[in-house]
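A short write-up of the structure that comes next.
There are 2 protein chains.
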Amino acid sequence: MTDVKPTIESVPGFKVAGVHCGLKDSDALDFALIYSDRPCVAAGVFTTNQVKAAPVLVDQERLQKNPTSIRAVAINTKCANACTGQQGIDNALQTARWVSERLGCSEDEVLVMSTGVIGTQLPMDKIRRGVDLAVDALGDNNWEDAARAIMTTDTRPKMASTTLSTLEGKTSQVAGIAKGAGMIAPNMATLLGLIVTDAGITREKLYESLTSAVDFTFNSIVVDGDMSTNDTILMLANGASGTVFEEGFYSGWLCHRLAKDIVQDAEGATKLIRINVYGTSDHKSAKQIANAIATSPLVKTAFYGGDANWGRIIAAVGRSGISVEPEQMALWLKPGDGSSPSEGLLLFLDGMPEPYDEMRASEIMKLENITISLVCGSGEGQATVLTCDLSHDYVSINGHYRT
Amino acid sequence: MTDVKPTIESVPGFKVAGVHCGLKDSDALDFALIYSDRPCVAAGVFTTNQVKAAPVLVDQERLQKNPTSIRAVAINTKCANACTGQQGIDNALQTARWVSERLGCSEDEVLVMSTGVIGTQLPMDKIRRGVDLAVDALGDNNWEDAARAIMTTDTRPKMASTTLSTLEGKTSQVAGIAKGAGMIAPNMATLLGLIVTDAGITREKLYESLTSAVDFTFNSIVVDGDMSTNDTILMLANGASGTVFEEGFYSGWLCHRLAKDIVQDAEGATKLIRINVYGTSDHKSAKQIANAIATSPLVKTAFYGGDANWGRIIAAVGRSGISVEPEQMALWLKPGDGSSPSEGLLLFLDGMPEPYDEMRASEIMKLENITISLVCGSGEGQATVLTCDLSHDYVSINGHYRT
């Protein structure tokens, strides 16, 4: 396992800024800009929601036409620029144009991301101010500002960095920021993430590095099962280190760290729950079962209340759409990340409840870090999904999100 | 529209009881028995969850083998008798056997239903007491006791009755009780319901009457999207009125009343929300879209908070799995049951937000009865789904359900 740090010092060739332009009522940071002093190879994964925000549509087109010379990414909070029609597209394009004018690059070289309330137009006077302030503030070491500036209901910035090595021992830096909090569902690159590296890499290998990591990181976390209109993960490689990764590189550990941070800081979350599913016919089936458990409001509220109501887990498995036989199933509750199997409690075996120590179950359910392990049969398929509980605070936060 | 009453006086030939046998800690009623003095034609619809409770498996088999001479139904709360293996089956059969011994009928003529916590065995000493007490308490007018005895987190009993008429003006009675509260998902006969009539009808017509009503009543309500292991709706016809319904009868109004009661009394619900979807290619697509909206935690919390955050509705539509074009969509928010279209607020049209009066939207969102109308295109498909909001109380109730 590569050592991944929760901070970012600097990544050669990249300058960043996070500023306050008035989108948030307080003086909190609300506009971020990431700039590379040379063209970047770029890759992106986007929401599969049919209702896509304007910045998603703009970025998808630009990455298609222009995947090897991206220079900047501008990100705003508070307004998702989704369900905003042609005016929304025009506003996204104008944002990129302003960035390109100030940075002296082509507007096709600028990507945009937005997050926040759906169905309102971007306040373009504030966006204009954000562009100007951010360009002026660009620096090597402002990653935490940028990570803060993309937060919505996140309570803390999400950053990670690590070092990549070729087989010959040459290195490059890779770093990423992300925001999460709510509207996080299976089968999508969740909410916003931006990963940069000074590695040299082809467009194809970069895309492969991103997509291979996403399936079991950003696409294996669940907060509430709602799928956003804006989810985007971008990856930029500027080659400034001079190290070329001909076979690509592995970004899974970095993505995992960011994805886990998102679940731990999800709206109202008090517990991180790891769901391991084994013994299905294939990975996809295991993931579908894990997602059924992870999206169940009854399972999530039971974890919040610390009640080892495991019958709800089995009921969720039964409606997952994957064929299962209760008589072939086994379910364990384990403390922590579940890596000490001997500490686990066997709750259900061969279609029958197992006698188990309710006191010990209660102790485990009180932890902030809990693992469920479910065996469904003798197949080779397995999957792990991270999720959180459903708390009073989730309801409070989302009952009044716009107000 | 037939006049449906929220009470049940008596249905000729049926005797009922609701008693306390110790399943609930308080002295609340917890065991119900329904008995017919002559054999009944019977029909049932059951959960589609692959993990089926023991009473579901027993009833399915008995209705298959013996659909025209059912004499009694025994129902207990607090224990779902699900995930209980062969012992669970044996306990369900023993319950029916005790009932048959006391009533002097064959054990194959007795059905059983259970609701409550999954994964514990029935306490058979209490069940034995319940059978004895209930047989002793059987009477013509104890329908409210029976309705109370099947409640779990329901706050009030759910009953309805009405009169059926043949074209010639001959009549019969039909009456039903139900319980709901949580673990209620689309595409299932939700939780427990029992409908009885003194009409004469064939097995085929009775089944048709039940299934045709279920699709847009019990299968068109959503509380939390979780699908129970125990859901069962049974319908019994004993022919005591002497009126034979050769063409069957329509039970939709009665079922609608019970289904609506379930949503209004759902766990923690403060609002009844009617979701009308129009303009899809067919009914199934419209229902799938309505269900995506109805199961969205973000939509449900926004309703709880009284926030007209309509972008979440559109985002839910976009991930419903049904092909939609935002540019063809229109969304209205309406007070009450939405039958006065002129009072509605147009929020979204042709892919763009409509300017609307936020004060008026807030007024509507404060009501206990709200309608969303969504047009998706120009198709003929439409569907209505009833749902409720997701409140702090839902989290409280389900965080500590077993304790």
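As they're listed, the protein sequences go chains A and B. Numbering that gives the first Met the number 0 applies: residue 0 is where the first sequence begins, and numbers increase by one. Numbering that gives the first Met the number 0 applies: residue 0 is where the second sequence begins, and numbers increase by one. Built from N, CA and C at the ideal position, the CB exists for glycine as well.
query                                                                                                                                              : result
Using a C-beta cutoff of 7 angstroms, does I363/A count as contacting chain B?                                                                     : no
Grab the span of the beta strand (DSSP E) containing V40/B for me, first residue to last.                                                          : F30 to F45
Which residues mark the beginning and the end of the alpha helix (DSSP H) in which L257/A is found?                                                : G251 to Q263
Quick check: the region 61-78 of chain B against the region 102-120 of chain B, are there 3 or more CB pairs under 8 angstroms?                    : yes
Quick check on R359/A - is its C-beta less than 7 angstroms from some C-beta in chain C?                                                           : Checking the listed chains, one finds no chain C in this structure; the protein chains it contains are A and B.
Taking Cβ-Cβ distances below 7 angstroms as the criterion, which residues of the region 298-313 of chain B are in contact with chain A?            : T300, A301, Y303, G304, D306, N308, W309, G310, R311 and I313
Under the DSSP definition of a beta bridge, which residues are partnered with A71/B?                                                               : Y34/B and V109/B
Using DSSP bridges, identify the partner residues of Y355/A.                                                                                       : Per DSSP, none; premise fails for Y355/A.
With respect to the beta strand (DSSP E) encompassing Q381/B, which residues constitute its N-terminal and C-terminal limits?                      : G380 to C387
Can you give the Cα-Cα distance for G344/B and E326/A, rounded to whole angstroms?                                                                 : Position check: residue 344/B holds Leu in this sequence, whereas Gly was assumed. Computed Cα separation, rounded: 52 angstroms.
Taking the C-alpha atoms as reference points, what is the distance between F302/B and K333/B?                                                      : 13 angstroms
Mind pulling the chain A residues with CB within less than 7 angstroms of L389/B?                                                                  : V394
Taking a Cβ distance cut-off of 8 angstroms, strictly less, list which residues of the region 104-138 of chain B are near chain A, in chain order. : V116, I117, G118, T119 and Q120
Between M351/B and chain A, is there a C-beta pair that is closer than 7 angstroms?                                                                : yes
So W331/A is in the beta strand (DSSP E); what residue range does that whole segment cover?                                                        : A329 to P334
DSSP three-state call for T201/B: helix, strand or coil?                                                                                           : coil
So the candidates are Y34/A, R256/A and D29/A; which of them puts its Cα closest to the Cα of G21/A?                                               : D29/A
Under 9 angstroms, CB to CB, which of the residues in the region 67-84 of chain B have a partner in chain A?                                       : A79, A81, C82, T83 and G84
For N186/A, does the three-state DSSP call read helix, strand or coil?                                                                             : Caution applies to N186/A, whose pLDDT of 44 falls short of 50 and renders its modelled position unreliable; the value that the coordinates give is listed next. In the structure shown, N186/A sits in coil (DSSP, three-state: anything other than H, G, I, E or B).
Can we say the region 113-126 of chain B touches the region 387-399 of chain A, given the rule of at least three CB pairs closer than 8 angstroms? : no
Anything in chain B within Cβ reach of P325/A, meaning under 7 angstroms, just list it in chain order.                                             : V50 and C82
If you follow the alpha helix (DSSP H) that I292/B is in, where does it begin and where does it stop?                                              : H282 to A293
Within the continuous alpha helix (DSSP H) that includes F302/B, where are the two ends?                                                           : P296 to G304
Alpha carbons only, please: which of A307/B, A382/B, S9/B and V262/B is nearest the one belonging to G179/B?                                       : V262/B
Listing by chain order, which chain A residues have their CB less than 8 angstroms from the CB of G398/B?                                          : T300, A301, Y303, G304, G305 and D306
Alpha carbon to alpha carbon, how far is H282/A from N275/A? Give it in angstroms, no decimals.                                                    : 11 angstroms
Using the Cα positions of E367/A and L297/A, report the straight-line distance between them to the nearest angstrom.                               : 18 angstroms
Quick one: what does DSSP say K51/A is sitting in, helix, strand or coil?                                                                          : coil
With a cut-off of 8 angstroms, do at least 3 Cβ pairs link the region 30-38 of chain B to the region 140-158 of chain B?                           : yes
Cα separation between C387/B and I292/A?                                                                                                           : 22 angstroms
Going by C-alpha to C-alpha distance, which of L190/B, L166/B and L163/B sits closest to S113/B?                                                   : L190/B
I want to verify the contact list: residues of chain B whose CB lies under 8 angstroms from the CB of F45/A, in sequence order.                    : Chain B residues near F45/A: none, gap ~13 angstroms exceeds 8 angstroms.
When you compare the CB positions of A73/B and V116/B, do they come within less than 7 angstroms of one another, or not?                           : no
Quick one: list the residues of chain B neighbouring A54/A, beta-carbon separation under 7 angstroms, in chain order.                              : The sequence shown places Pro at residue 54/A, rather than the Ala named in the question. Neighbours of P54/A on chain B: none; closest Cβ ~15 angstroms, over 7 angstroms.
Comparing the C-beta of R318/B with each C-beta of chain A, is any distance below 7 angstroms?                                                     : yes
Mapping the DSSP letters down to three states, classify M150/A as helix, strand or coil.                                                           : coil
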